[in-house]
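Asks: Structure in structure tokens, see below.
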Amino acid sequence: MNGIAVAHAFPEEITFAVEAIRRGEVVAYPTETFYGLGVNALDELALVRLRQLKGRDGDKPISVLVNGSEMLDRLCSSVSPLARRLIAAYWPGPLTLALPARRDLPRPLVSDGFVAVRVSSHPTAQALVSAFGNPVTTTSANPAGEPPATAPEQVEEMFEGRCRVIHGGVTSGGAPTTLARVRGGRLEILRQGALHIEVD
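The C-terminal residue of the sequence shown carries number 200 in our numbering, and the numbering is unbroken.
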């Protein structure tokens, strides 16, 4: 197993992980809920490799991490005032927003014209995305149908050396991120999770 020992987001370990992503490899990294699997979100071949690693249904879209508004604009065709209020209130954190997708995005990221995006509050996840400089996928580190990993050793056991692992300790687990879709001025909760949001 190719392990990257990191207690916090040390630059040299993050650089090593970024180099792996640039080569089209899959990297497992800690988030505020579970370990996630990251590839270059704009690399079609890397997205195929990620789906194969998880054994994931090709119809299920892959969520994406960004580090701010500039990177968000690379993915979204528009960000409504309601979406911007939610972003200001809850990012960084466990809220994934489905927003209108740009037409040129890879198909595995898009469902019904929307792309699911968030900013993680975990320092390692933040550092990874910022150092890479492009959106990175965020899908739970587990084969399809298995519980998501909360520790690097679980990731290593699940994938048997087929992805690089940033050792960031044990994550909190619990509920997944809350998933909400913003369609114009309307908010739809698609999945209640770690963050509870009331819809009027």
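Beta carbons: idealized from backbone N, C-alpha and C, even for Gly.
Under a three-way DSSP split, which group does S78 fall into?
Replies: Indexing the sequence shown from 1 puts residue 78 at position 78. S78: coil per DSSP, three-state reduction.
Asks: Work out the CA separation of T137 and S63 for me, nearest whole Å.
Replies: For the purposes of this step, residue 63 is identified with residue 63 of the sequence shown, where counting begins at 1. For the purposes of this step, residue 137 is identified with residue 137 of the sequence shown, where counting begins at 1. The alpha-carbon atoms of S63 and T137 are separated by roughly 6 angstroms.
Asks: Suppose you measure from the CA of I197 to the CA of A175; what does that come to, to the nearest Å?
Replies: Taking the first residue of the sequence shown as position 1, residue 197 is located at position 197. Taking the first residue of the sequence shown as position 1, residue 175 is located at position 175. A straight line joining the alpha-carbon of I197 with that of A175 spans about 14 angstroms.
Asks: Would P143 and L47 be called neighbours here (beta carbons separated by less than 7 angstroms)?
Replies: The count along the sequence shown starts at 1 and reaches residue 143 at position 143. The count along the sequence shown starts at 1 and reaches residue 47 at position 47. Not a contact, by the Cβ cut-off of 7 angstroms.
Asks: Determine the extent of the alpha helix (DSSP H) in which F34 is found, giving its start and end residues.
Replies: To locate residue 34, count along the sequence shown from 1; it is residue 34. Where F34 is concerned, there is no enclosing alpha helix (DSSP H), given that its DSSP letter is neither H nor E.
Asks: Can you tell me which of G168, L45, S69 puts its alpha carbon nearest to the alpha carbon of L85?
Replies: Counted from its first residue, the sequence shown places residue 85 at position 85. What sits at residue 85 in the sequence shown is Arg, not Leu. In terms of Cα proximity to R85, the closest of G168, L45, S69 is S69.
Asks: If you compare alpha carbons, which of H167, P148, I166 is closest to M158?
Replies: Here residue 158 is taken as the residue at index 158 of the sequence shown, counted from 1. Closest option to M158, Cα to Cα, is P148.
Asks: How would you call A9, buried or exposed, if buried means at least 16 neighbouring beta carbons within 10 angstroms?
Replies: Walking along the sequence shown from the start, residue 9 turns up at place 9. Note that A9 has pLDDT 49, beneath the 50 cutoff, so the model's placement of it is unreliable and the number below is only indicative. So A9 ends up on the buried side.
Asks: Per DSSP, what kind of secondary structure is R107 in: helix, strand or coil?
Replies: Numbered from its first residue, the sequence shown carries residue 107 at position 107. Helix at R107.
Asks: For R183, which beta-bridge partners are listed by DSSP?
Replies: On the sequence shown, position 183 is the one that residue 183 refers to. Looking at the DSSP assignment, R183 forms a beta bridge with R186.
Asks: Would you mind stating whether G168 and L82 have Cβ atoms separated by less than 7 angstroms?
Replies: In the sequence shown, counting from the first residue as 1, residue 168 sits at position 168. In the sequence shown, counting from the first residue as 1, residue 82 sits at position 82. Contact: no.
Asks: In whole angstroms, what separates the C-alpha of A141 from that of L190?
Replies: Residue 141 sits at position 141 when you count from the first residue of the sequence shown. Residue 190 sits at position 190 when you count from the first residue of the sequence shown. A141 and L190: Cα-Cα distance of roughly 21 angstroms.
Asks: Using the C-alpha atoms, what's the distance from S111 back to G38?
Replies: Working through the sequence shown from its first residue, we reach residue 38 at position 38. Working through the sequence shown from its first residue, we reach residue 111 at position 111. Whole-angstrom Cα-Cα distance: 19 angstroms.
Asks: Which of helix, strand or coil does DSSP assign to A116?
Replies: Here residue 116 is taken as the residue at index 116 of the sequence shown, counted from 1. Strand.
Asks: May I ask which residues mark the beginning and end of the alpha helix (DSSP H) holding T171?
Replies: Position 171 of the sequence shown, counted from the first residue, corresponds to residue 171. Note, T171: premise wrong, no alpha helix (DSSP H); not H, not E.
Asks: List the DSSP bridge partners of V136.
Replies: Taking the first residue of the sequence shown as position 1, residue 136 is located at position 136. DSSP lists N40, L65 as partners of V136.
Asks: Tell me which residue opens and which closes the alpha helix (DSSP H) that A152 is part of.
Replies: Position 152 of the sequence shown, counting from 1, holds the residue named residue 152. Checking the sequence shown, residue 152 turns out to be Pro, not Ala. Unbroken alpha helix (DSSP H) run through P152: 152 to 159.
Asks: I'd like to check one pair, Y35 with V129: are the Cβ atoms closer than 7 angstroms?
Replies: Counted from its first residue, the sequence shown places residue 129 at position 129. Counted from its first residue, the sequence shown places residue 35 at position 35. Contact flag unset, no.
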